[in-house]
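Single-structure report; data block below.
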Amino acid sequence: MRKGAILMSIPGFIFAAFLIYLLALNVYFSLLNWSLFNLQPSFAGLGTYQTLFSEYFFSLAVTHTIVYTIAAVAIGNILGILGAGILYFLKSNTRRAIYLSVFLYPLAVPSSTYAITWQWLFNPQTGINLVLRIFHFPNIIWLTTQPTIYAGMIIIETWAYTGLAVLFFLASFMSVDKSIIEAAKIDGANNFYLLFRIILPNSMNGLIVSTALLFLFSFRIFTVPFTIGGPTNPNMMSLVEYIYILFSTEYFSLSSALSSLVALIAAVVIIPYAILGLKRWVFRR
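Here UniProt numbering is used: position 112 in the sequence shown is 112, and no number is missing along the way.
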């Protein structure tokens with residue numbers, strides 16, 4: 001058994017070694033002053049990072065990414081709990097599967113496709129505003145000012161990623177000991193009490209997985225702001241999009257420095273979640 005486990009883990013170790021090599025190479029490039037204007041780079045040390053931090057677009061991208069990430073994690077988890085709770089109390093497994101597929105459908109749509117669709121929906125003359133006019137609500141000029149850009153991006157993220165939260169919360173709800181729930185029902189507990197006082201406190205594994213995945217999807221968002229805003233619109237630029245812009249304009253060391261920072265932040269957030277998950281569900285500690 002032990003030899004089999006070692007053999008099965010060899011491909012994972014090879015992939016991890018290759019990934020670490022690429023990350024180390026990227027960090028090395030970030031310590032140079034390599035760009036279109038300096039094709040014979042020399043060692044610059046942390047000067048590359050100092051230059052990056054002083055860039056105006058870097059601070060914009062950081063602000064946008066923080067807003068996108070916090071909103072996606074907070075709203076996604078809240079809606080994920082509510083959606084999974086509704087599905088959990090359905091008595092028909094068939095209906096539950098059908099409704100769950102509706103939540104998961106956005107994950108099957110290419111991000112560039114739904115970005116264009118949402119851009120049409122945010123058109124001031126059609127889409128959402130057309131519905132608002134029918135009910136005599138004031139029109140909203142979407143994607144023009146920073147508040148409406150944030151609102152539009154948060155709506156798109158919520159539509160695209162909430163299904164992940166619903167899926168993992170529902171899976172964790174279904175694993176809760178049914179005897180505890182039946183005992184609470186005998187005592188007269190309603191569904192609201194069961195969800196928030198019994199099921200959810202015993203489903204923290206769902207919260208851990210949902211938070212980690214929502215963070216990753218929102219923190220590395222690229223296609224939606226790039227498709228809707230394009231590289232010339234800095235008002236919705238994310239960190240990953242800024243990496244692309246730096247590289248495409250041939251500021252190679254700055255691009256490497258920012259990608260190294262993004263990888264570091266993602267690792268700092270995800271690795272503790274992974275360790276906690278291994279301790280709780282693999283090693284049962």
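From the three backbone atoms N, C-alpha and C, an ideal C-beta is built for every residue, glycine too. From a predicted model like this one, the values you see are computed outputs, not experimental measurements.
Can you give me the C-alpha to C-alpha distance between residue i and residue j, rounded to a whole angstrom?
i, j, result
"Leu22", "Gly45", "19 Å"
"Phe252", "Ala115", "28 Å"
"Pro272", "Leu261", "17 Å"
"Phe37", "Leu87", "58 Å"
"Asn77", "Leu39", "47 Å"
"His136", "Leu216", "39 Å"
"Asn233", "Lys91", "49 Å"
"Gln146", "Ile156", "15 Å"
"Phe196", "Ile141", "38 Å"
"Pro106", "Ser112", "12 Å"
"residue 312", "Tyr99", "The requested residue 312 is not part of the displayed model; the chain covers only 1 to 285."
"Tyr28", "Val131", "53 Å"
"Phe43", "Leu52", "16 Å"
"Leu264", "Leu19", "13 Å"
"Leu102", "Ser175", "What sits at residue 102 in the sequence shown is Val, not Leu. Spanning the two alpha carbons is a distance of roughly 22 Å."
"Pro110", "Val240", "18 Å"
Give the DSSP-derived three-state secondary structure of residue i in the structure shown.
i, result
"Ser42", "coil"
"Ser92", "coil"
"Ser253", "helix"
"Ser218", "helix"
"Leu35", "First, the residue type needs correcting, since residue 35 is Ser and not Leu in the sequence shown. If DSSP states are grouped into helix, strand and coil, Ser35 belongs with the strands."
"Phe122", "coil"
"Thr145", "coil"
"Tyr273", "helix"
"Thr232", "coil"
"Glu55", "coil"
"Met8", "helix"
"Asn190", "coil"
"Ser203", "coil"
"Asn139", "coil"
"Gly76", "helix"
Given residue i, which residues of its chain have a CB within under 6 Å of its CB, disregarding the five upstream and five downstream residues?
i, result
"Gly229", "Met236"
"Phe89", "Asn191"
"Trp34", "Pro41, Phe252, Ser253"
"Tyr150", "Val67"
"residue 293", "Since the displayed the chain opens at 1 and closes at 285, residue 293 lies outside it and no answer follows."
"Leu143", "Phe122, Ile149, Gly152"
To which residues of the same chain is residue i closer than 7 Å at the C-beta, ignoring the five residues directly before and after it?
i, result
"Ser238", "Ala61, His64, Thr65, Tyr68, Ile221, Phe222, Pro225"
"Phe57", "Pro234, Met237, Tyr242"
"Ala266", "Leu216, Phe219"
"Leu121", "Gly127, Ile128"
"Ala84", "Val166, Phe169, Leu170, Phe173"
Hey, out of the options, whose CA is closest to residue i's CA?
i, options, result
"Gly206", "Leu170, Ile14, Trp159", "Leu170"
"Asp177", "Ser256, Ala165, Thr211, Ile199", "Ile199"
"Arg96", "Pro124, Val166, Phe53", "Val166"
"Ala108", "Gly12, Trp159, Val131", "Trp159"
"Pro138", "Ser175, Ile156, Ile128, Tyr99", "Ile128"
"Leu213", "Pro201, Ile180, Leu195, Phe168", "Phe168"
"Ile154", "Ala267, Asp187, Ala74", "Ala74"
"Ser179", "Asn202, Tyr161, Leu164", "Asn202"
"Ile275", "Ala84, Ile208, Leu132, Val240", "Ile208"
"Ser210", "Ile245, Leu31, Gly163", "Gly163"
"residue 317", "Ile81, Ala257, Val268", "Residue 317 lies beyond the residue range present for the chain, which begins at 1 and ends at 285; the question has no answer from this structure."
"Ile81", "Gln50, Met204, Val269, Ile245", "Met204"
Assign residue i to one of two classes, buried (16 or more other C-beta atoms within 10 Å of its C-beta) or exposed (fewer than that).
i, result
"Glu250", "exposed"
"Trp118", "buried"
"Ser134", "The question names Ser, but residue 134 in the sequence shown is Ile. So Ile134 ends up on the exposed side."
"Ser9", "exposed"
"Ala17", "exposed"
"Ser259", "buried"
"Ala71", "buried"
"Tyr172", "First, the residue type needs correcting, since residue 172 is Ser and not Tyr in the sequence shown. So Ser172 ends up on the buried side."
"Met1", "Because Met1 carries a pLDDT of 49, less than 50, the predicted location of this residue cannot be relied on, and the following value inherits that uncertainty. Looking at its Cβ environment, which holds fewer than 16 other Cβ atoms inside 10 Å, Met1 is exposed."
"Gly12", "exposed"
"Ser30", "buried"
"Gly188", "exposed"
Taking 8 Å as the limit between beta carbons, can you name the residues of its chain near residue i, skipping five residues before and five after?
i, result
"Lys185", "Leu194"
"Gly47", "Asn33"
"Phe247", "Ser255"
Is any non-hydrogen atom of the ligand NAP found closer than 6 Å to the C-beta of residue i, if you look at the structure I gave you?
i, result
"Ile140", "The ligand NAP is not part of the structure shown, which contains no ligands of any sort."
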